[in-house]
Each structure stands twice: as C-alpha cells, then as structure tokens.
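What follows is a set of notes on a single structure, which appears directly below.
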Amino acid sequence: MTDSWRSYDALPLFSSTAVVRRTDPATSHATAMMAGGVRADHIKRILAALRLGPASKDEIGARANLIGHAVGKRMPELRRAGLVELTGATRRSASGRPEQEYRLKTS
C-alpha cells in the first residue's frame, strides 16, 4: 500500500466528530465532542502501525503506542470500512492468549 492512506482523512471514519444520538443527554454530547479527535488519532496511528506489516492487536498497540484495548475497539470499524482485514493467522498476546492477526487491505 502506498502513502495514499493519508487520503482516508476525508472518510467519515476519520471525522473528529464522535457518534452520538440526538436523544442522548448533554453530557454525552460533550464527551463525544472531546472523544472524536482521539478516535481519529487512534485510527491513523493503527493504520500507520499496520503499514509495517501484519500484527496482532497487542503488536499494533505497541507499534502505535496504544493499549491493546484501544486498538481492539477500532478494529471492527476499520474492517467494516474495508481498510483492514484478518490474515487468518493467530499470534500470542502479551498474556499468552491467541489473538487474530490483521493487515492492511490492499484492494
């Protein structure tokens, strides 16, 4: 994959506006506004980490300087957006459990 990953900034996935329902309380709207930029930053860091090659959630976290939980929260939306995919392989997590391996989707 080329440096075209930077052009993904225009996708709604990278919006600095977090998702919140109209019926949510004002506190949820305020939190969503603060969290939106964090979400976009995490996604960019995850994609940059995967440019180095396939990795598990914990490995991506180590490359991106994020905790595995933060990476795990973003992987389903990155898969739905067609940006990453599972390789079918597994790797050991920091705690020794098997984790799925991810890679950037090339097509």
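Quick note on our numbering: the sequence shown kicks off at 108 and runs consecutively.
Every residue gets a Cβ at the ideal spot worked out from N, C-alpha and C, and that includes glycine.
Computed from a predicted structure; not experimentally measured.
My guess is that residue i and residue j are in contact by the Cβ rule of under 8 Å, so how many angstroms apart are they, rounded?
i      : j      : result
LEU185 : ARG170 : The pair is not a contact, with the Cβ atoms about 15 Å apart (cut-off 8 Å).
LEU157 : TYR209 : 6 Å
ALA163 : GLU206 : Inspection of the sequence shows that residue 163 is occupied by Ser rather than by Ala. Confirmed, Cβ separation roughly 4 Å.
ARG204 : LEU173 : Contact doesn't hold; Cβ gap of about 18 Å is too wide.
Classify residue i as helix, strand or coil using the three-state DSSP reduction.
i      : result
VAL127 : coil
ALA137 : helix
LEU157 : helix
PRO132 : coil
GLY203 : coil
GLY195 : strand
ALA162 : strand
LEU220 : Since the first residue shown for the chain is 108 and the last is 214, residue 220 is missing from the structure and cannot be characterised.
ILE174 : coil
ALA188 : coil
With a CB to CB cut of under 8 Å and the five nearest residues on each side skipped, what residues in its chain are close to residue i?
i      : result
ALA177 : HIS149, GLY168
GLY179 : LYS164
Spatial neighbours of residue i within its chain, please: C-beta separation below 6 Å, excluding the five flanking residues on both sides.
i      : result
SER135 : VAL127
THR194 : PRO161, GLU208, ARG210
ALA201 : ASP165
ARG198 : SER163, GLU206, GLU208
Near residue i, what residues of its chain come up, given a Cβ to Cβ distance below 7 Å and the 5 sequence neighbours on each side ignored?
i      : result
LYS212 : GLY189, LEU190, VAL191, GLU192
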